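In what follows, a structure is listed as structure tokens, so that the remarks can point back to it.
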């Protein structure tokens, strides 16, 4: 795969199909050659180093294409390198293989032979990248890193929001990875062909509910359906308790504004729906903080227009008051939509939809209204509780837990940490598959499938399953 | 759910919908009440004991409805009780929760808070039962056992092949399980309504490719798609090496006939396609063993008819020789279809299809033909190698591994052992989801979804995630 840009996105269906075909053929060939976990970990480390070595040029290009700040993008390169190294560590440790050994027991019904199970790579996979994280959820982002760690060749469908950055990142990947292990394709036709290609064994996606659903439907309607792991969207509800508001309304207001306006409010974990106790001054604190909120240009003109029209709909709604930050030409103005519990419950759908951009909805509640408000929530990537010092919020946490992939306390959901215990998922519509997510060590499982060996000779077994455990990986033996 | 038979399968759409609605409402209510792992493990132990206590009546009823032998059915009750107790053990041990703790590290980019992840139940689930295992993959089979272990209420769609046994087993379940945790529904309308019901969060299925695909498509086309875990079908290829044939053709012939004719050849792991080296006498050994093969009646008249027509198609094919056991009126006659490699490769589809019943296909190969034969195989639940003593079969094993969920050596694939390392899956069309299967400890994962707690107070955390690990479960801490 010497070719980075198989199609420029303006080509014909034929060109897109040919690009996908060529990438898939090479990926299928690569998938047949065995690699070791250490080899793949070394690739990931080298990719991290390659990103860092090209940091200045990548950041400049990304800033031009995405309008995100250089400071944010510089931090995102650091994060992306850390993700690549994190998955290198996951691959080296080997626990992800879930190596499990059962010794024979002829006395059981049915008798148990020697059984040894581990996970192995599924084969070539497709990765659909996001616009809002041009590094961390793009060409060399979490999906690609976890798939390479698993041992799956990756074909990336570039996001049209940063085509030149995607190509430059792909060039770096091609300098590091062996033939067939990586390819970049562009354009909607290529994306549609990719998820339907017989060689592709799974797909990861970060983007809109509409786009994700369309690709999910294609994956499910194949003659041989494949898993489709889509992270779609989320309003990320926050509940501020009365005790919390009394103790620290100003802090909460400032923290909220900092979180929902961060990088023009273009985070999938943006707190987009905040329940605040009536009469405790949280609205005033938010309003005060809004005065000094940063303003910035959104990723694309389409997103700016969608944001403007969402604001117009809020402004046209008699039940909603809209607070606006000062307007700065060429940027999307941060805004807060205020509504009371009764109006929210009268027509919740308008407030339960994700609005990309620097806006959040504040719903003021009396204590006897909170349960009804929480009952209408849809599944979300995160839910947050702000509580008073030493306040018992167990009941509230238990009410929020069922709709949240991550439940956090006294913090803000933007800025998803990297770690073994992280989870960035949730039931539909937060993600298409509630089982595994794109962040955290278990992201690697999306690209794996089990095999059980029964009474296998030692030399046939992968080293990780041999008696001596020569590579010293964590195993379960019984 | 005092009512076992919500509908008898002959009712109207309205009756089926009402039955599903009533079961789903009760299941949704049950799912909201927290249970402990120990409580659920005790339910599973009690279900096992209840099955065993009613063994004689259950076996008699099952024999009448399925035509399987009482000896086989008695063994299957023992197996089913063992499965229930196995999942009780999985629940008690708690490792399945994948409890993972990350300590805070503010120096990281992004900073890492206190993160604690574990799996939790998805909510009510649907189980579609099989005809060929009226206990082990039916009302209280692996799907139900693993879902209850996980903490998910279960609504079972009964198989029409053994309605009275299903109802009697359901009565036992209702004496043991609390309200809402179990219901039985019957009839195709109920099955269709069930997988589409908003309350249902996942489904398990064991059956035909056609039926599984139809339900999979319904699950995927919901407004909120749910995971559908279907085990569909498989030919379970076997390769007998030349060395193995020279050493023990008679043993192999007898073992093969015993496996493919067992219980009228109605196992999803039946060896249905066997590659034997030309000129080594394996065909003769099989033919000899066929003379004393047991004959039995198939589960349903429909299956007998489908089997008869499969034999007719083989007999009408000039490239195929059919060996028949002696005919016994009222039973399906065991048969072997013989074909050479060239004829197989000329039209492989006829031989790659699963045929339920006591038939297998023997393909004789010359050594230079084997690679081409293996290249056309579709994914299967199992693949088997019979090798010579001390023969190195690594290359052959590596060729078969990609299409096999379980790869076994010098044995026969029927009789799926229970264990932590077992896997009963495979890529489409063996199963709809290659990630987890219905047998083995990880079957429980199909009914679970992660949650990550960030900076949570100790009293909000489930005990399994608290600092002190009061329940002493296996955890990963970093």
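Chains as they are written, first to last, in my numbering: chain S, 12 to 489; chain G, 12 to 489.
Using N, Cα and C, we set each Cβ at its ideal position, and we do this for glycine too.
Keep in mind that this is a model prediction, so the values were computed, not measured.
Helix, strand or coil at residue i [DSSP, three-state]
i: residue 298 of chain G; result: helix
i: residue 166 of chain G; result: strand
i: residue 57 of chain S; result: helix
i: residue 485 of chain G; result: coil
i: residue 252 of chain G; result: coil
i: residue 76 of chain S; result: helix
i: residue 241 of chain G; result: strand
i: residue 11 of chain G; result: The first residue shown for chain G is 12 and the last is 489, placing residue 11 of chain G beyond what the model contains.
i: residue 270 of chain G; result: helix
i: residue 88 of chain S; result: helix
i: residue 174 of chain S; result: helix
i: residue 70 of chain G; result: helix
i: residue 472 of chain G; result: coil
i: residue 479 of chain G; result: coil
i: residue 436 of chain G; result: coil
Start-to-end residues for the alpha helix (DSSP H) that takes in residue i
i: residue 24 of chain G; result: 24 to 43
i: residue 320 of chain G; result: 312 to 327
i: residue 200 of chain S; result: 199 to 207
i: residue 405 of chain S; result: 405 to 411
i: residue 349 of chain G; result: Premise fails: residue 349 of chain G lies in the beta strand (DSSP E), 346 to 351, not in any alpha helix (DSSP H).
i: residue 363 of chain G; result: 360 to 363
6 angstroms CB neighbourhood of residue i in its chain, flanking five on each side removed
i: residue 492 of chain S; result: The requested residue 492 of chain S is not part of the displayed model; chain S covers only 12 to 489.
i: residue 142 of chain S; result: 170, 172, 310
i: residue 314 of chain S; result: 367
i: residue 61 of chain G; result: 183, 187
Enclosing beta strand (DSSP E) for residue i [first to last residue]
i: residue 419 of chain S; result: 415 to 420
i: residue 194 of chain G; result: 193 to 196
i: residue 394 of chain S; result: 391 to 397
i: residue 332 of chain S; result: 332 to 335
i: residue 373 of chain S; result: 370 to 376
i: residue 288 of chain S; result: 284 to 288
Same chain, Cβ closer than 8 angstroms to residue i, five either side skipped, listed in chain order
i: residue 219 of chain G; result: 243, 244
i: residue 403 of chain S; result: none
i: residue 450 of chain S; result: 153, 427, 429, 433, 434, 435
i: residue 13 of chain G; result: With a pLDDT of only 36 at residue 13 of chain G, under 50, the local geometry of the prediction cannot be trusted, and the value read off the model is given with reservation. Hits under 8 angstroms: 185.
Any C-beta of chain B under 9 angstroms from that of residue i
i: residue 477 of chain S; result: The chain inventory of the structure shown lacks chain B, comprising the protein chains S and G.
Residues of its chain near residue i, where Cβ-Cβ distance is below 7 angstroms and the 5 sequence neighbours each way are ignored
i: residue 481 of chain G; result: 474
i: residue 137 of chain S; result: 166, 168, 205, 206, 211, 214
i: residue 365 of chain S; result: 244, 245, 246, 283
i: residue 97 of chain G; result: 429
- beta strand (DSSP E) runs wholly inside the stretch 439 to 465 of chain S, at least 3 long, in chain order: 459 to 465
- Task: Decide yes or no for the touch test of the stretch 236 to 244 of chain G against the stretch 205 to 213 of chain G: beta carbon pairs closer than 8 angstroms, at least 3 of them.
- Result: These segments touch.
- Task: Please list the segments of the alpha helix (DSSP H) lying wholly inside the stretch 98 to 171 of chain S, counting only runs of 4 or more residues, in order along the chain.
- Result: 153 to 161
- Complete alpha helix (DSSP H) runs within the stretch 207 to 238 of chain G (minimum length 4 residues, chain order): 220 to 231
- Task: State whether the stretch 395 to 402 of chain S contacts the stretch 429 to 445 of chain G, with contact taken as three or more CB pairs (one from each stretch) at a distance under 8 angstroms.
- Result: no
- Does the pairing of the stretch 101 to 117 of chain G with the stretch 404 to 420 of chain S give three or more beta-carbon distances under 8 angstroms? With a cut-off of 8 angstroms, the stretch 404 to 420 of chain S and the stretch 101 to 117 of chain G do not count as touching, because too few Cβ pairs lie within range.
- Query: Three or more C-beta pairs closer than 8 angstroms, one from the stretch 331 to 344 of chain S and one from the stretch 197 to 208 of chain S: is that the case here?
  - Reply: no
- Item | Three-pair Cβ contact test at 8 angstroms for the stretch 282 to 301 of chain G versus the stretch 256 to 274 of chain G | The stretch 282 to 301 of chain G vs the stretch 256 to 274 of chain G: in contact.
- Message: Taking 8 angstroms as the cut-off, does the stretch 71 to 80 of chain S touch the stretch 112 to 132 of chain S (at least 3 CB pairs, one atom from each stretch)?
- Response: no
- Message: So, does the stretch 97 to 108 of chain S touch the stretch 337 to 352 of chain S, judging by three or more C-beta pairs under 8 angstroms?
- Response: no
- Task: Could you tell me whether the stretch 144 to 161 of chain S touches the stretch 448 to 468 of chain G, where touching means 3 or more Cβ pairs closer than 8 angstroms?
- Result: no
- Item | Contact the stretch 119 to 134 of chain S vs the stretch 174 to 188 of chain S: 3+ CB pairs below 8 angstroms | no
- Message: For the structure I just gave you, are there three or more beta carbon pairs, one from the stretch 465 to 473 of chain G and one from the stretch 26 to 40 of chain G, closer than 8 angstroms?
- Response: no
- Evaluate contact between the stretch 280 to 294 of chain S and the stretch 248 to 260 of chain S, counting only Cβ atoms and requiring at least three cross-stretch pairs below 8 angstroms. The stretch 280 to 294 of chain S vs the stretch 248 to 260 of chain S: in contact.
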